[in-house]
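Undergrad:
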Amino acid sequence: MSRARPSMYPGPPAPSHWAALEACSQALQASCSNVHSAIGILHEETADLPRLAGVVHSRRMFDLVTEPEVFSAQRALANEMGPQITELIRRAEDGLEGLKARERGLRAKVRREEGAFSFSRSLCSALRRGSRPIDRRGGWGGQPCGCALEQNAHDETRPLAQVDKRNSASRAPTPSSASAKDAEALEKQLEELRRRKDRLGAEVERLEGEVEAASAKAGRR
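Residues 2 to 222 (our numbering) are what the sequence shown spells out, left to right.
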């Protein structure tokens, strides 16, 4: 009996063939995923390599000094700058004291001008009312600003009999008979005193500002 000739066409695959093929496909997909994640990690880790290469190839020079050298340099700097700072502080203090003295002088001048202004104003009011003004020394009949009242005050202190005997000869003009020229001169003097008072007030304010600025500058130093 003759043997059957084998067929040239492949036979149907075995049932286990499809299971093995599916396992191989899954393993290939897992390998591709691992390779993709590895490429991402490698890119992240090697992205800074150009900068690191520049840092590695750069050369920096360092000079080390000892602690005594640092202390000696500090002492030399202090010896050089200390006298200059002290001199600047002394000049600032001297300037501040000068400004304070000038301020005190101006304040005293303002007070004197205010006293003269108030006295002249009271004198002007008295002349307008026709009464005798009070002198600065506490007496009656002062003669400021061209008002001839001294002789009248002297007559008031004499005994009444002498005043009656020499009524026409020794009595000086009263404030009510003061001329319009004296009143006009007094008005001009009052205006001048007002202007001087305003100027002195402005000067005092300016000096106060300079004193405050100098104090602030000295405090910052």
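Beta carbons are placed, not taken as given, at the ideal position from N, Cα and C, and that holds for glycine.
Could you tell me which of Arg-108, Ser-17 and Ile-86 sits nearest to Glu-209, measuring between CA atoms?
TA: Looking up residue 209 in the sequence shown gives position 208. Per the Cα distances, Arg-108.
Undergrad: Please return the same chain residues whose Cβ sits closer than 6 Å to the Cβ of Leu-307, not counting the five positions on each side in sequence.
TA: Since the displayed the chain opens at 2 and closes at 222, residue 307 lies outside it and no answer follows.
Undergrad: Give every residue of the same chain whose Cβ lies closer than 8 Å to the Cβ of Lys-198, excluding the five residues on either side of it in the sequence, and list them in chain order.
TA: Residue mapping note: residue 198 aligns to position 197 of the sequence shown, counting from 1. Around Lys-198: Val-111, Glu-114, Glu-115 and Phe-118.
Undergrad: How should Leu-187 be labelled, buried or exposed, when 16 other C-beta atoms within 10 angstroms of its C-beta is the threshold for buried?
TA: Residue 187 sits at position 186 when you count from the first residue of the sequence shown. Buried, because 16 or more other Cβ atoms sit within 10 Å of the Cβ of Leu-187.
Undergrad: What is the rounded straight-line gap between the Cα of Ala-77 and the Cα of Val-71?
TA: Counting from one through the sequence shown, the residue named residue 77 turns up at place 76. Counting from one through the sequence shown, the residue named residue 71 turns up at place 70. Distance between the alpha carbons of Ala-77 and Val-71: 10 Å.
Undergrad: In whole angstroms, what is the alpha-carbon distance linking Glu-206 and Gly-83?
TA: Here residue 206 refers to the residue found at position 205 of the sequence shown. Here residue 83 refers to the residue found at position 82 of the sequence shown. For Glu-206 and Gly-83, the distance between alpha carbons rounds to 35 Å.
Undergrad: For Arg-167, which of helix, strand or coil comes out of DSSP?
TA: Translated into the one-based positions of the sequence shown, residue 167 becomes position 166. Summary for Arg-167: the model assigns pLDDT 46, below 50, so the residue's position carries little reliability, and this model does not support an answer.
Undergrad: Can you find the residues in the same chain that come closer than 7 Å, C-beta to C-beta, to Val-57, ignoring five residues on each side of it along the sequence?
TA: Stepping through the sequence shown from its first residue, residue 57 is reached at position 56. Cβ-Cβ distances below 7 Å link Val-57 to nothing in the same chain once the five nearest sequence neighbours on each side are left out.
Undergrad: With Lys-218 and Ala-127 assumed to form a contact (beta carbons below 8 Å), what rounded beta-carbon distance in angstroms separates them?
TA: As a working mapping, residue 218 is identified with position 217 in the sequence shown. As a working mapping, residue 127 is identified with position 126 in the sequence shown. About 51 Å; that fails the 8 Å criterion.
Undergrad: Taking Leu-100 and Glu-211 to be in contact with their CB atoms under 8 Å, please state how far apart those CB atoms are, rounded to whole angstroms.
TA: Residue numbering aside, residue 100 sits at position 99 when the sequence shown is read from its first letter. Residue numbering aside, residue 211 sits at position 210 when the sequence shown is read from its first letter. The pair is a contact, with the Cβ atoms about 6 Å apart (cut-off 8 Å).
Undergrad: Residue range of the alpha helix (DSSP H) that Met-82 falls in?
TA: Start at 1 with the first residue of the sequence shown, and residue 82 comes out as number 81. Note, Met-82: alpha helix (DSSP H), 68-130.
Undergrad: Distance, Cα to Cα, Ala-21 vs Pro-51?
TA: Mapped onto the sequence shown, residue 21 falls at position 20. Mapped onto the sequence shown, residue 51 falls at position 50. When rounded, the distance between both Cα atoms is 47 Å.
Undergrad: What is the C-beta distance between Ser-121 and Leu-201, in whole angstroms, given that I count them as a contact (C-beta under 8 Å)?
TA: Looking up residue 121 in the sequence shown gives position 120. Looking up residue 201 in the sequence shown gives position 200. Rounded, the Cβ-Cβ distance is 16 Å, inconsistent with contact.
Undergrad: Determine the direct distance from the alpha carbon of Ala-24 to that of Ser-38, and round the result to whole angstroms.
TA: Stepping through the sequence shown from its first residue, residue 38 is reached at position 37. Stepping through the sequence shown from its first residue, residue 24 is reached at position 23. Each residue's Cα considered, the two are about 21 Å apart.
Undergrad: For a test of the three-state rule: what should DSSP assign to Ser-59, helix, strand or coil?
TA: By one-based count along the sequence shown, residue 59 stands at place 58. Reduced to three states, the DSSP call for Ser-59 is coil.
Undergrad: Can you give the Cα-Cα distance for Leu-194 and Glu-88, rounded to whole angstroms?
TA: Counting from 1 along the sequence shown, the entry for residue 194 is found at position 193. Counting from 1 along the sequence shown, the entry for residue 88 is found at position 87. Looking at the two C-alpha atoms, the distance is approximately 43 Å.
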